[in-house]
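Note sheet for the following structure.
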Amino acid sequence: MKRLAKLIIAAAVPALAFAAPASAQDTDSFVVNLAGSVDSECVLLPDGPVNFDVDMLDVGNQGLLVLGYSCNSPYTVSIQSLNGGMLNTTSGGAVNIPYALEVISTHDGPESFNSGDITSPVVVVEDTDWVNIAANGGLAAGNLDLNFAGLLDEYAVAGEYSDELTFVLEAQL
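With mature numbering (1 follows the signal peptide of the UniProt record, and there is no 0) applied, the sequence shown corresponds to residues -24 to -1, 1 to 149, in that order.
Given below as structure tokens:
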């Protein structure tokens, strides 16, 4: 049986050579699949914690903080207040003085937030561009104004006050 199969194949191969048109070219091809990746990289400056002294008897502007940010992908910058205001830790939290935070960025323009409204993360900058990290950044500047409820409340009670603002730069992939 093996011998018969070999004879049939041996006879078929020369026949196929004559059956093809004389001008046909033999072709062969293969595909090379290329793949690569680049990890997301984001930079937020200043790097690390920043201590900012708030004058608890001044209802005016408390100063300016500037952030630099950049990502090699679309991103958001969000802000969150730990206490929702300047919490009097000496009173065990019985006093919490709200403040207004005004933020202006090179991407989204000016926005104002009440400290009580940012106890969950709130996006203050959103960039949807797909460009490299050197070209896909911006600056944001913000200031803080204390908001006392009324004329009689304009004098903070004695004690230590604190809040913690967390800024998060997050790639949106």
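Each residue gets a CB set at the ideal place from its N, CA and C atoms; glycine is no exception.
As the structure is a computational prediction, the values presented were derived from the model and not from experiment.
Which one of the options has the shortest CA to CA distance from residue i?
i, options, result
"Leu77", "Leu41, Ala(-1), Val14, Val8", "Leu41"
"Thr95", "Gly135, Ser57, Val101", "Ser57"
"Ala116", "Asn59, Ala147, Thr52", "Thr52"
"Asn48", "Leu33, Val26, Asp15, Val101", "Asp15"
"Val80", "Ile55, Pro74, Gly12", "According to the sequence displayed, residue 80 carries Ile and not Val. The shortest Cα separation from Ile80 among Ile55, Pro74, Gly12 belongs to Ile55."
"Val133", "Thr66, Val8, Phe28", "Thr66"
"Pro74", "Leu63, Thr82, His83", "Leu63"
"Gly44", "Asp29, Val7, Pro97, Ala111", "Ala111"
"Asp29", "Val144, Tyr137, Thr142", "Tyr137"
"Val98", "His83, Trp106, Leu141", "Leu141"
"Val144", "Glu102, Asn123, Asp93", "Glu102"
"Asp84", "Val100, Asp93, Met32", "Val100"
"Met32", "Gly61, Gly12, Asp23", "Gly61"
"Gly92", "Ala11, Ser5, Asn123", "Asn123"
What are the boundary residues of the beta strand (DSSP E) that includes residue i?
i, result
"Leu63", "62 to 64"
"Leu145", "141 to 147"
"Ala77", "For clarity, residue 77 is Leu in the given sequence; the question names Ala instead. Its beta strand (DSSP E) spans residues 75 to 81."
"Asp34", "Run containing Asp34: none; DSSP gives neither H nor E here."
"Gly24", "Note, Gly24: premise wrong, no beta strand (DSSP E); not H, not E."
"Val101", "98 to 103"
"Ala117", "113 to 122"
"Ile55", "51 to 57"
"Phe89", "85 to 90"
Residue i and residue j look like a contact to me (Cβ under 8 Å); what is the Cβ gap, rounded to whole Å?
i, j, result
"Gly113", "Ser46", "3 Å"
"Gln38", "Asp139", "The Cβ separation is near 12 Å, so there is no contact."
"Gln148", "Pro50", "4 Å"
Given 8 Å, three or more beta-carbon pairs between the segment 13 to 23 and the segment 65 to 84: Contact annotation: the segment 13 to 23 does not touch the segment 65 to 84, with fewer than three C-beta pairs closer than 8 Å.
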